[in-house]
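Enquirer: One structure, pasted below without further comment.
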Amino acid sequence: MRGLAGLARLAVVAVSVGLGSVPSAAALAQTPVLDQRVGAAARKAITLTVYQQDLAQISERRRVRLAAGRNRVVLEEISRAMQPETLMIRAPGVRVVTQQPALEALTPRRLLEAARGGRVRLVRTHPQTGVEQSEDAVLLSVTDGVVLRLGTRIEIDPPGRIVLDDLPPGLATHPAVIAELDSAAAGEVDLTLRYLSGGLSWRADYVAELTPDGTHMTWRGTVTLTNASEVGFAGAAVRLVAGEVRRVSSAPTPEQPVRAMALAERATMAVTPPRALGDRYVYALAGTVDLPARTSRQVTLMPAASVPVHREYRFESLIDAGPGGPEELGPVSAEIVLVAENTAEAGLGRPLPAGIVRVYEPGGGYEPEGVAAAPIFTGEDRIDHTPAGAPLRLRLGRAFDVIASARRSVFERLSARSYETGQEITVRNAGDRAVTVRLIGHLPPGWRMLEESAAHEAETANRLAWSLHVPPSGTATLRYRVRITR
53 MRGLAGLARL AVVAVSVGLG SVPSAAALAQ TPVLDQRVGA AARKAITLTV YQQDLAQISE
113 RRRVRLAAGR NRVVLEEISR AMQPETLMIR APGVRVVTQQ PALEALTPRR LLEAARGGRV
173 RLVRTHPQTG VEQSEDAVLL SVTDGVVLRL GTRIEIDPPG RIVLDDLPPG LATHPAVIAE
233 LDSAAAGEVD LTLRYLSGGL SWRADYVAEL TPDGTHMTWR GTVTLTNASE VGFAGAAVRL
293 VAGEVRRVSS APTPEQPVRA MALAERATMA VTPPRALGDR YVYALAGTVD LPARTSRQVT
353 LMPAASVPVH REYRFESLID AGPGGPEELG PVSAEIVLVA ENTAEAGLGR PLPAGIVRVY
413 EPGGGYEPEG VAAAPIFTGE DRIDHTPAGA PLRLRLGRAF DVIASARRSV FERLSARSYE
473 TGQEITVRNA GDRAVTVRLI GHLPPGWRML EESAAHEAET ANRLAWSLHV PPSGTATLRY
533 RVRITR
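Residue numbers (my numbering): 53 to 538.
See the structure below:
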């Protein structure tokens, strides 16, 4: 007995199936007057509002012609990653009776299940002549096998193949929305669809190229807009939302894994200056964008800007004023930090979406003769959403030539709740340029500085920083003594 699997392989149609159950007999009795399929060619406008969390709001208008009264419209080329509960359909003079997202992939089993109770044809091939014979039938059941009514008899798993002349109600060949609409009048109307979907995202990337003297950087920003879904969007207006959006609903249906994502040619359009939307910022792409399925497109986030920058060498693990701290620490290498200001005076002064910054330095002198000098990649860091006026700090790894070590110079217990301690931190610079280092540490609450060889800065109540100038091929030392009273 071949059962359902055997006949299902021969069922003639391949579609996507809706999420709802097979319509009841009462529902089928109220067949809409007009049944039409409306694809992307009917789009009059589409707007993609894309977030950085694999989320987008898709808003579009499609022109459809409706009869007065009941209509059934199959809105095709819908994102399979739609969140069905977010779907809204609106049109003037039109009442939405039902809306059924048909997002799941069609299988022979779903096709036969949807056709249950309806008329089909059983086609058999004569084993000797090869002539096909077709017989009308009613599909009674597909549970644990196929049951057909053929005239006055009932057959279980009959040989042959089942043919359907059309898709059963509730199924679509591709991801779609099947809507039953009640129109007050006949004529063309613009249907507005809006829903949330996965499969779309964007990210910001930045490039910082340092000048030879290291005092300025050329700052550029780009946006990579990714469509990992199976549906394309042509002529779309695109808005990018920077900032996290709280979500409590279930995640969108995941798309199939993208094995090879095509990178579309870098677009010549740019992103308009951001506009505040509550506590977030919205960046609009100038003009419209064609975003085919399974592609990425890059656009310019901001034009190149020359930004003053200075390099810091930081040590954050050597200052230890605790009662049980080690006698010696290090040697450790300095962390390299580039510091700039996100201000208009510095050439920036705009909200910067979170993203990765890749830093390059001049690489002249290392190329073969006749080869143009190319910058050398020297590190990257991820910045958070950075408002205008806030500093930019880019951590680029550890310095080869700048190291430091610390030793405890004094510790004296004054009482059960008080003690004095001190350290001596020596910084060595093996390079051929002078550097400025920052020594940063957290002191216990209740501290009072007694002695220090360089004045400190209080970054917070208990976080202190010292700056030391270290000559080339030289050393510099910080000494301090502090009293802690709890």
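Using N, Cα and C, we set each Cβ at its ideal position, and we do this for glycine too. All values derive from a computational prediction rather than experimental measurement.
Among all the DSSP beta bridges, which residues are the ones paired with residue 503?
Expert: DSSP lists 533 as partners of residue 503.
Enquirer: Going along the chain, which residues of its own chain have a beta-carbon closer than 6 angstroms to the beta-carbon of residue 101, five neighbours each way excluded?
Expert: The answer, listed in chain order, is 109 and 291.
Enquirer: Start and end of the alpha helix (DSSP H) containing residue 165?
Expert: Segment 160 to 167, the alpha helix (DSSP H) holding residue 165.
Enquirer: Since residue 409 is in the beta strand (DSSP E), which residue starts that stretch and which ends it?
Expert: Its beta strand (DSSP E) spans residues 407 to 413.
Enquirer: Quick test of your reading: residue 456 and residue 480, contact by CB under 8 angstroms. State the CB separation rounded to the nearest angstrom.
Expert: Confirmed, about 7 angstroms.
Enquirer: Rounded C-beta distance between residue 373 and residue 536? I'm assuming under 8 angstroms.
Expert: About 7 angstroms separates the two Cβ atoms, so the contact holds.
Enquirer: Less than 8 angstroms between the beta carbons of residue 234 and residue 116, yes or no?
Expert: No, the pair does not count as a contact, with Cβ atoms beyond the cut-off.
Enquirer: Suppose contacts are defined by Cβ-Cβ distances below 8 angstroms. Is residue 392 in contact with residue 439 by that definition?
Expert: Going by C-beta atoms, residue 392 is not nearer than 8 angstroms to residue 439.
Enquirer: Would you list the residues sitting across from residue 111 in a DSSP beta bridge?
Expert: Residue 111 pairs with 99 and 246.
Enquirer: Report the rounded CA-to-CA distance for residue 85 versus residue 230, giving the unit in angstroms.
Expert: Low confidence applies to residue 85: its pLDDT is 48, below 50, so where it sits in the model is not reliable, and the reading given next is rough at best. The alpha-carbon atoms of residue 85 and residue 230 are separated by roughly 14 angstroms.
Enquirer: Measure the C-alpha to C-alpha separation of residue 282 and residue 249 and round it to an integer number of angstroms.
Expert: Each residue's alpha carbon lies about 12 angstroms from the other.
Enquirer: Taking the straight line between their C-alpha atoms, what separation do you get for residue 411 and residue 397?
Expert: Their Cα atoms are separated by approximately 22 angstroms.
Enquirer: For the candidate residues 150, 125 and 363, whose alpha-carbon lies nearest to that of residue 263?
Expert: Closest option to residue 263, Cα to Cα, is 363.
Enquirer: What are the partner residues of residue 488, as DSSP defines its beta bridges?
Expert: Paired residue(s): 521.
Enquirer: If residue 105 sits next to residue 297, beta carbons under 8 angstroms apart, how far is it from one beta carbon to the other, in whole angstroms?
Expert: Their Cβ separation, rounded to whole angstroms, is 7 angstroms, which keeps residue 105 and residue 297 in contact under 8 angstroms.
Enquirer: Quick one: residues in its chain with C-beta nearer than 7 angstroms to the C-beta of residue 143, no 5 flanking neighbours on either side, listed in chain order?
Expert: These residues qualify, in order along the chain: 241, 242, 243 and 244.
Enquirer: May I have the straight-line CA-CA distance separating residue 522 from residue 460, to the nearest angstrom?
Expert: Going by the C-alpha atoms only, they are around 21 angstroms apart.
Enquirer: Does DSSP put residue 373 in a helix, in a strand, or in coil?
Expert: Three-state DSSP puts residue 373 in coil, outside helix and strand.
Enquirer: Let me know if residue 260 comes out buried or exposed under the rule of 16 or more other beta-carbons within 10 Å of its beta-carbon.
Expert: It is buried - the Cβ of residue 260 has at least 16 other Cβ atoms within 10 Å.
Enquirer: Along the chain, where does the beta strand (DSSP E) containing residue 545 start, and where does it finish?
Expert: The structure shown has nothing for residue 545, since the chain only spans 53 to 538.
Enquirer: I need the boundaries of the beta strand (DSSP E) containing residue 131, first residue and last residue.
Expert: Where residue 131 is concerned, there is no enclosing beta strand (DSSP E), given that its DSSP letter is neither H nor E.
Enquirer: If I follow the unbroken beta strand (DSSP E) through residue 453, where does it start and stop?
Expert: Per DSSP, residue 453 belongs to the beta strand (DSSP E) from 443 to 467.
Enquirer: Need the endpoints of the beta strand (DSSP E) that residue 292 sits in, please.
Expert: Where residue 292 is concerned, the enclosing beta strand (DSSP E) stretches over 285 to 294.
Enquirer: Which residue's Cα is closest to the Cα of residue 246: 98, 382 and 407?
Expert: Out of 98, 382 and 407, 98 has the C-alpha closest to the C-alpha of residue 246.
Enquirer: What three-state label does DSSP hand residue 94 in the structure shown?
Expert: Residue state, collapsed to three classes: helix.
Enquirer: Identify, in the order they occur along the chain, each residue of the same chain with its Cβ nearer than 6 angstroms to the Cβ of residue 335, setting aside the five sequence neighbours on each side.
Expert: These residues qualify, in order along the chain: 292, 323 and 326.
Enquirer: How is the beta strand (DSSP E) around residue 431 delimited, first residue to last?
Expert: Residues 428 to 435.
Enquirer: Starting from residue 147, follow the beta strand (DSSP E) in both directions and report where the run begins and ends.
Expert: That run of the beta strand (DSSP E) goes 146 to 154.
Enquirer: Which residues share a DSSP beta bridge with residue 139?
Expert: BP columns for residue 139 are empty, so no partner.
Enquirer: Nearest-angstrom Cα distance between residue 352 and residue 270?
Expert: C-alpha separation (whole angstroms): 14 angstroms.
Enquirer: Spatial neighbours of residue 340 within its chain, please: C-beta separation below 7 angstroms, excluding the five flanking residues on both sides.
Expert: The answer, listed in chain order, is 287, 288 and 289.
Enquirer: In terms of residues, what are the limits of the beta strand (DSSP E) holding residue 509?
Expert: Segment 508 to 510, the beta strand (DSSP E) holding residue 509.
Enquirer: Taking residue 534 and residue 500 to be in contact with their CB atoms under 8 angstroms, please state how far apart those CB atoms are, rounded to whole angstroms.
Expert: Their Cβ separation, rounded to whole angstroms, is 7 angstroms, which keeps residue 534 and residue 500 in contact under 8 angstroms.
Enquirer: Buried or exposed, going by whether 16 or more other CB atoms sit within 10 Å of the CB of residue 239?
Expert: Exposed: under 16 other Cβ atoms inside 10 Å.
Enquirer: Can you grab the Cα-Cα spacing for the pair residue 492 / residue 111, in whole Å?
Expert: Those two C-alpha atoms are separated by around 51 angstroms.
Enquirer: Please name the residue or residues paired with residue 379 in a DSSP beta bridge.
Expert: BP columns for residue 379 are empty, so no partner.
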